[in-house]
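In my numbering, the protein residues as written are 90 to 172. Each residue gets a CB set at the ideal place from its N, CA and C atoms; glycine is no exception. Data first, discussion second: the structure below is written as structure tokens.
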């Protein structure tokens, strides 16, 4: 987001049912300060280790999982990343 780059764990999946293919997932391990600044519908970019990059829209309020990690849902734009 913005100029800040933070390594995160992203769980990806295809969303169904949908008229056109859609993808999205969850970001895990989001730092508290960043999660507090994230707003639903806000745009961010995800970059994979192989250099692929996709825009995503944040999908709701952050949650905490059973391991105490912050989780943020997102919807991807464009084609899903390959691999």
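Can you round the beta-carbon distance between residue i and residue j to whole angstroms, since I take them to be within the 8 Å contact cut?
i           : j           : result
residue 159 : residue 119 : 4 Å
residue 170 : residue 143 : 6 Å
residue 116 : residue 128 : Not really, about 14 Å apart at Cβ, beyond 8 Å.
residue 121 : residue 112 : The Cβ separation is near 26 Å, so there is no contact.
Report buried or exposed for residue i, applying the criterion of at least 16 other Cβ atoms within 10 angstroms of its Cβ.
i           : result
residue 145 : buried
residue 161 : buried
Using only alpha-carbon positions, find the residue among the options that is nearest to residue i.
i           : options            : result
residue 97  : 131, 114, 166, 104 : 114
residue 165 : 139, 130, 156, 155 : 130
residue 95  : 150, 109, 156, 137 : 137
Taking the alpha helix (DSSP H) that residue i belongs to, which residues open and close that run?
i           : result
residue 122 : 121 to 126
> Which runs of the beta strand (DSSP E) spanning at least 3 residues fall entirely within the stretch 128 to 154, listed in chain order?
Replying inline: Counting only runs of 3 or more, we get 132 to 136, 142 to 147.
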